[in-house]
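In full-length UniProt numbering, the protein residues as written are 1 to 267. We treat Cβ as the ideally placed atom computed from N, Cα and C, and that holds for glycine. Written out below as structure tokens is the structure these notes cover.
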């Protein structure tokens with residue numbers, strides 16, 4: 001006598017764990033990606049971030065020769081992409097953000113400065129304002145940081161970056177204006193927050209030696225960057241009154257940029 005079919009056991013549909021390289025992975029692979037590409041969580045609050053430093057050092061003078069650019073095919077391609085796509089004022093700002101960020105990290109967060117972290121930070125610095133180009137700022141209703149994050153995620157994957165690295169850059173591009181007092185950001189985001197407000201507003205001047213500013217601006221001149229960036233803020237808010245930039249206060253942010261006394265001698 002034929003046996004009745006046995007009821008099939010129901011199993012929850014749970015995908016196999018995947019690493020960020022799209023191969024079957026493990027918790028160890030995920031943790032390695034987090035460590036390698038700058039995902040360590042640091043305080044979003046600038047005051048809390050600086051208070052968390054372990055044995056910070058007094059900054060000394062640095063020049064561009066003291067901070068060599070990462071030498072990899074990916075880095076080279078992205079440098080050329082940024083040079084081609086960004087207005088020269090924005091490209092110079094992006095390079096200053098790289099050098100200031102590494103200078104800040106060297107004396108405040110030296111434990112971050114592994115080769116893979118530095119490369120990821122360079123990619124972030126070069127691409128953080130890609131959403132503000134004349135073409136990109138008008139091509140979407142997204143806030144420029146969010147649009148930029150999507151653009152760089154696609155770009156870096158196409159250029160062969162590991163997915164975790166592309167995601168780290170995209171995360172930091174999306175959040176590079178996410179100033180606030182609560183929560184956490186990645187270490188890449190934390191440093192680019194410090195570096196961008198240093199270059200744009202002149203905040204936390206004690207983190208960089210004064211002669212380093214001279215050296216970096218000689219290599220990558222500001223070319224009236226304060227006026228240029230203030231114009232971009234106004235354009236973003238005119239096109240998108242809901243834009244993420246509004247959380248900084250359009251009037252207050254523009255006044256802070258135009259009132260950047262630290263960088264005024266170099267404009």
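Beta carbon of residue i nearer than 7 Å to that of residue j
i           : j           : result
residue 275 : residue 159 : Residue 275 lies beyond the residue range present for the chain, which begins at 1 and ends at 267; the question has no answer from this structure.
residue 164 : residue 153 : no
residue 180 : residue 44  : yes
residue 191 : residue 126 : no
residue 145 : residue 231 : no
residue 99  : residue 208 : no
residue 172 : residue 124 : yes
residue 260 : residue 202 : yes
residue 178 : residue 97  : no
residue 156 : residue 166 : yes
Reference residue i, options the options, closest by Cα
i           : options             : result
residue 204 : 92, 173, 51 and 219 : 51
residue 87  : 139, 157 and 132    : 132
residue 161 : 65, 28, 36 and 85   : 36
residue 89  : 129, 122 and 242    : 129
residue 42  : 109, 29 and 242     : 109
residue 219 : 229, 238 and 266    : 266
residue 242 : 141, 30 and 57      : 141
residue 46  : 211, 176, 57 and 26 : 176
Whole-number beta carbon distance between residue j and residue i, since they are thought to touch under 8 Å
i           : j           : result
residue 236 : residue 137 : 6 Å
residue 119 : residue 70  : 4 Å
residue 206 : residue 233 : In fact, because the Cβ distance is near 26 Å, the residues do not count as touching under 8 Å.
residue 240 : residue 143 : 6 Å
Residues near residue i in its chain [Cβ-Cβ closer than 6 Å; skip 5 each side]
i           : result
residue 40  : 187
residue 194 : 104
residue 148 : 130, 131 and 173
residue 112 : 105 and 187
residue 197 : 203
residue 258 : 226 and 230
residue 57  : 107
Beta-carbon proximity list for residue i, same chain, < 7 Å, skipping 5 on both sides
i           : result
residue 122 : 69, 70, 75 and 98
residue 66  : none
residue 247 : none
residue 117 : 38
residue 85  : 130 and 133
residue 72  : 119
residue 27  : none
residue 211 : 61
residue 49  : 42, 43 and 190
Other residues of its chain near residue i: CB distance less than 8 Å, five sequence neighbours each side excluded
i           : result
residue 168 : 37, 38, 39, 120, 124, 186 and 188
residue 221 : 92 and 266
Taking contact to mean at least 3 C-beta pairs separated by less than 8 Å, is the segment 54–65 in contact with the segment 212–220?
yes
Are at least three pairs of beta-carbons, each pair with one atom in the segment 95–105 and one in the segment 253–262, less than 8 Å apart?
Contact check between the segment 95–105 and the segment 253–262: fewer than three CB pairs, one atom from each, fall below 8 Å, which does not count as touching.
Would the segment 88–97 count as touching the segment 225–235 if we require 3 or more Cβ pairs under 8 Å?
yes
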